Amino acid sequence: MKFSKLDRVETVKVNRLPNDKTMFDVQTGKSYHAILHGNMAELNSSVKARIVNPEEAAGKRQGGVEALKIVNGQLEVKYLKGRFELEPEQIQLSNINQDDLNKKFVVTGKIENIKQTGGPTLFTLFDGSATMSIKGFAGAGQRAHPEILEGQIVTTQIQIIEHEGVLEGEIITIHEMPKERQSEFDARLRQILFERSRPEKIDFLVKSDVLLKLKPKIDDAVVLIKTAIADNRPIVLKHHADTDGYSAAMTLQRAILPLILSQHNDEKSMWMYFVRTPSKTPFYDYYDATKDIGMALSDNAKFNQKMPLIMIVDTGSGEEDALPIKKAKLFGCQVIVIDHHVVGKGDPISKLADVHVNPHLVGDDYSFSAGMLCTEVARLINKNAENIDYIPALSGMADRIESPELGQYLVMAEKLGYSKEFLKQLSDVIDFEAWNFKFAESRELVDILFGSDKDLQRKIVDMLYPEIQAKFARQLEISKNNCEIKPIGKTLLAKLNIGQHSNFNTYPPAGKSLSGLHDWVQVKHPNTPVVSIGYGEDFVTIRATDGTGFTISEFIDRIQKKFPFGGIDGGGHEHAGSIKSIPSVLPHIIEEFEIVLAEKKQA
Ligand SMILES: [Mn+2]
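In the working numbering, the protein residues as written are 120 to 722.
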């Protein structure tokens, strides 16, 4: 190709060859930018080419070259005389990083959201790989590019800028894609979303029929979670405030946060699109739901955020959860429940929640803790989730699970350096810390507690475990000296007015205190079935060994029938749970409790 005089004064448009491209990505006949060294042209950090007309490039340090061919493994290029101008590169949003500051790119994507600020107009652009906020300015508070509407597919040239530490695009040009090509692009976007939202193709960590039966539900949950991330829908993760609840939530958090980060390419997104909060009550409190919905509505009004996906873990399957979930659904939230507690009468939650995962729904009893279940869900969300494989063993120990599945998880944890002994200590420490966190998320502290810094994790356990043991021992002395232990038939009943014989604001809380007493009675009477109850003014908490024939759900049914106006509610596991009532009825519940035990003796 010969250059005419006219060509010489014109500007040559050249493309930049990205650093991850090799010689074989170079297209013959296309013009590239190059750094020039004598008869060599450097197209990127690894692709070097021989210049066929070096005399024309003499004295130039950079310029445009045209790719010719590869000869004996050597790329040949021709130097293009004249001034050059870089052609903006077509790029995927997920590939843009800090190094691209001030560079210009061309992006094709869908306008997901438009927000008018007091200054520029903000457009949220999604190209299938990630989203980016791009802004146009037509005057303070004035709508820029009024022809561009939400839902349109556009091609835009942007310059990368930084605003409050976040990369954004400043719009140079923006055009709607021709209508006839939009539906095709939109279909491709939907396909990409679908692919990105599919569960990872990996096996469960353990062999388990329960997991296989739950797999379709687990997959539904995974797809909903990954779609929420890809759709920029915030995630609100609620969990019971004990070791198992924290474990369940942390595995999910460790799977979800990296995906949110790569979706937005912005550290702040991990705070804007995700929040985890503990629930003191063993159910999704109506009060919590009201607060969550209120926050979501104001985020929607202020930032045009979507209504969240609310995930409720280690609780959520009971009757008390129905109304809060109903309310969340009414306001447009999505709801996923992953629980291992007994499902409420008639399973009200499966009808309300988008997905309800619970082993009881596939005929299992208590082979799984919530932490064990959620670790499996977390791995299918993100197989690269870090530091979660020991958590099922931790949570299973915490919730006193006895199953072949837990056995397999314990072997895995052992291999990762977590002995049974240490897991037991860690479990007690997390429970203690959880009690102290109260309602706060404390994201960094919890992350350390769960081993993001293993050294510090061990130091915390070494520091706190003896202290916690002392607190338990102190409470056990109080309980021992104030409880009544009497045989009813073959069963031994340990009874303690825990409201009077513990401090409400001191660790351990009532349930834990009773567990301590219950264990002590069992050790003293190894071959006797033991039932322990601890009561206060308006609650009774119950622990039963196997072989007493006693189940809490049956008992609740019975007293609800007998005292229909007793304000009776309750739940938990079959052999460990608690019941609430109005104070005037509570003494009758305890009487009834002894009657039930006496009846079991006859049976
Ligand atoms: Mn649990």
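The beta carbon of each residue, even a glycine, is placed where N, CA and C say it ideally should be. Predicted, not measured: the structure shown is a model, and the values here were computed from it.
Expressed to the nearest angstrom, what Euclidean distance is found between the alpha-carbon atoms of residue i and residue j?
{"i": "Leu492", "j": "Val145", "result": "48 Å"}
{"i": "Pro443", "j": "Leu371", "result": "22 Å"}
{"i": "Ala212", "j": "Ser164", "result": "It should be noted that the sequence gives Leu, not Ala, for residue 212. Going by the C-alpha atoms only, they are around 22 Å apart."}
{"i": "Thr400", "j": "Lys470", "result": "22 Å"}
{"i": "Val196", "j": "Asp139", "result": "20 Å"}
{"i": "Leu575", "j": "Lys543", "result": "17 Å"}
{"i": "Asn221", "j": "Gln278", "result": "6 Å"}
{"i": "Ile379", "j": "Ile348", "result": "6 Å"}
{"i": "Ser398", "j": "Pro706", "result": "28 Å"}
{"i": "Asp458", "j": "Asp440", "result": "12 Å"}
{"i": "Arg135", "j": "Lys179", "result": "18 Å"}
{"i": "Val481", "j": "Val394", "result": "30 Å"}
{"i": "Lys699", "j": "Ile311", "result": "50 Å"}
{"i": "Leu535", "j": "Gln527", "result": "13 Å"}
{"i": "Pro511", "j": "Gly653", "result": "30 Å"}
{"i": "Ile714", "j": "Lys573", "result": "51 Å"}
{"i": "Glu289", "j": "Gly570", "result": "41 Å"}
{"i": "Glu711", "j": "Val565", "result": "42 Å"}
{"i": "Arg127", "j": "Leu199", "result": "Residue placement at Arg127 cannot be trusted, given a pLDDT of 49 that sits under 50; what the coordinates show is reported in the next sentence. Rounded to the nearest angstrom, the two C-alpha atoms are 9 Å apart."}
{"i": "Ser598", "j": "Leu633", "result": "8 Å"}
{"i": "Ala420", "j": "Lys223", "result": "33 Å"}
{"i": "Pro318", "j": "Glu596", "result": "51 Å"}
{"i": "Met251", "j": "Ala504", "result": "24 Å"}
Compare the beta carbon distance of residue i and residue j with 7 Å and say whether it is the shorter of the two.
{"i": "Asp518", "j": "Ser486", "result": "no"}
{"i": "Phe203", "j": "Val285", "result": "no"}
{"i": "Leu184", "j": "Ala153", "result": "Per the sequence presented here, residue 184 reads as Val, with Leu not at that position. Contact: yes."}
{"i": "Lys357", "j": "Ile431", "result": "yes"}
{"i": "Gln276", "j": "Ile291", "result": "yes"}
{"i": "Ala176", "j": "Leu194", "result": "no"}
{"i": "Leu513", "j": "Ser366", "result": "yes"}
{"i": "Asn501", "j": "Ala374", "result": "yes"}
{"i": "Gly228", "j": "Leu244", "result": "yes"}
{"i": "Gly255", "j": "Ala263", "result": "yes"}
{"i": "Gly690", "j": "Gly437", "result": "yes"}
{"i": "Ile604", "j": "Ala592", "result": "no"}
{"i": "Gly201", "j": "Gly237", "result": "no"}
{"i": "Thr664", "j": "Glu560", "result": "no"}
{"i": "Phe682", "j": "Val704", "result": "yes"}
Just verifying my parser: in three-state terms, what is the DSSP assignment at residue i?
{"i": "Arg202", "result": "coil"}
{"i": "Gln261", "result": "coil"}
{"i": "Ala160", "result": "strand"}
{"i": "His707", "result": "helix"}
{"i": "Arg127", "result": "At Arg127, the pLDDT of 49 sits below 50, so the modelled position is not reliable; the number obtained from the coordinates is stated separately. Three-state result, Arg127: helix."}
{"i": "Met296", "result": "coil"}
{"i": "Met430", "result": "strand"}
{"i": "Ser252", "result": "strand"}
{"i": "Ile321", "result": "coil"}
{"i": "Asp688", "result": "strand"}
{"i": "Gly653", "result": "strand"}
{"i": "Gly183", "result": "strand"}
{"i": "Gly148", "result": "coil"}
{"i": "Glu175", "result": "helix"}
{"i": "Leu268", "result": "coil"}
{"i": "Thr227", "result": "strand"}
{"i": "His694", "result": "coil"}
{"i": "Met120", "result": "Below a pLDDT of 50, predicted positions are generally treated as unreliable, and Met120, at 48, falls in that range; the measurement from the model is reported next regardless. Here Met120 sits in coil by DSSP."}
{"i": "His479", "result": "helix"}
{"i": "Pro606", "result": "strand"}
{"i": "Val580", "result": "helix"}
{"i": "Ser213", "result": "helix"}
Since residue i and residue j should fall inside the 8 Å C-beta cutoff, what is the C-beta to C-beta distance between them, to a whole number of angstroms?
{"i": "Val273", "j": "Glu295", "result": "6 Å"}
{"i": "Val649", "j": "Ser697", "result": "Actually they do not touch by this definition, with Cβ atoms about 17 Å apart."}
{"i": "Pro726", "j": "Gly618", "result": "The first residue shown for the chain is 120 and the last is 722, placing residue 726 beyond what the model contains."}
{"i": "Ile412", "j": "Lys464", "result": "In fact, because the Cβ distance is near 25 Å, the residues do not count as touching under 8 Å."}
{"i": "Asp363", "j": "Asp433", "result": "5 Å"}
{"i": "His637", "j": "Ser651", "result": "4 Å"}
In terms of alpha-carbon separation, which member of the options lies closest to residue i?
{"i": "Ser345", "options": "Tyr365, Lys387, Tyr392 and Ser327", "result": "Looking at the sequence shown, residue 345 is not Ser but Lys. When only C-alpha atoms are compared, the closest one is Tyr392."}
{"i": "Asp219", "options": "Pro207, Ile230 and Gly228", "result": "Pro207"}
{"i": "Ala415", "options": "Ile429, Phe402, Phe591 and Met582", "result": "Ile429"}
{"i": "Leu449", "options": "Val462, Met426, Ser436 and Asp433", "result": "Met426"}
{"i": "Ser672", "options": "Glu283, Lys387 and His460", "result": "His460"}
{"i": "Gly655", "options": "Asp665, Gln679, Gly668 and Gly630", "result": "Gly630"}
{"i": "Ile687", "options": "His694, Ile280 and Asp657", "result": "Asp657"}
{"i": "Ala360", "options": "Arg309, Tyr509, Lys410 and Lys557", "result": "Lys557"}
{"i": "Leu615", "options": "Val640, Gly608 and Lys609", "result": "Val640"}
{"i": "Asp322", "options": "Glu281, Ile661, Gly270 and Lys334", "result": "Lys334"}
{"i": "Asp473", "options": "Gly182, Gly451, Gly490 and Asp483", "result": "Gly451"}
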